[in-house]
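So in full-length UniProt numbering, spot 91 of the sequence shown is number 91, and the numbers just go up one at a time.
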Amino acid sequence: MEDKIAINLLVGKQIYPITVLREQEEVYRRAAKLINERLSRYQTKYPGQNYEKYLSIVLLDLAVRAESLEESKDAEPIIEKLVKLNEELEETLNVRHE
Numbered sequence: 001m002e003d004k005i006a007i008n009l010l011v012g013k014q015i016y017p018i019t020v021l022r023e024q025e026e027v028y029r030r031a032a033k034l035i036n037e038r039l040s041r042y043q044t045k046y047p048g049q050n051y052e053k054y055l056s057i058v059l060l061d062l063a064v065r066a067e068s069l070e071e072s073k074d075a076e077p078i079i080e081k082l083v084k085l086n087e088e089l090e091e092t093l094n095v096r097h098e
């Protein structure tokens with residue numbers, strides 16, 4: 001049986017009661033904190049906008065960061081193979097020079 005707990009998250013101006021896996025609670029709390037920090041940053045940097053605009057900017061910012069992370073994960077296996085090939089080439093070149 002999964003160990004779930006009910007928590008309340010303040011995101012922006014709204015409190016959201018949600019049920020999460022106990023081991024995921026901290027992840028949800030950090031995510032809410034990140035959203036709130038971004039909202040605050042954009043409200044300070046661009047005063048006078050409506051609240052929905054701030055939420056949209058935060059949403060776009062976080063989506064771009066998530067996509068960038070996905071792209072870097074996709075490149076990881078390729079980078080690992082290139083590093084290995086480079087090591088093999090260096091090894092081969094060193095053998096020829098000896």
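A virtual CB, placed ideally from N, CA and C, is assigned to each residue, including glycine.
Simplified DSSP assignment, three categories, for residue i
i	result
P47	coil
Integer-rounded CB distance, given that residue j should sit under 8 Å from residue i
i	j	result
A32	L10	7 Å
V58	R38	4 Å
N50	G12	So it is not a contact: roughly 13 Å between Cβ atoms.
Beta-carbon proximity check, residue i vs residue j, cutoff 7 Å
i	j	result
Y28	Q43	no
R22	I5	yes
Contact with chain E by residue i, beta-carbon distance below 7 Å
i	result
Y16	Absence of chain E from the displayed structure is noted, only one protein chain being present.
Ordered list of beta strand (DSSP E) runs contained in the segment 10-43, each at least 3 residues: 14-21
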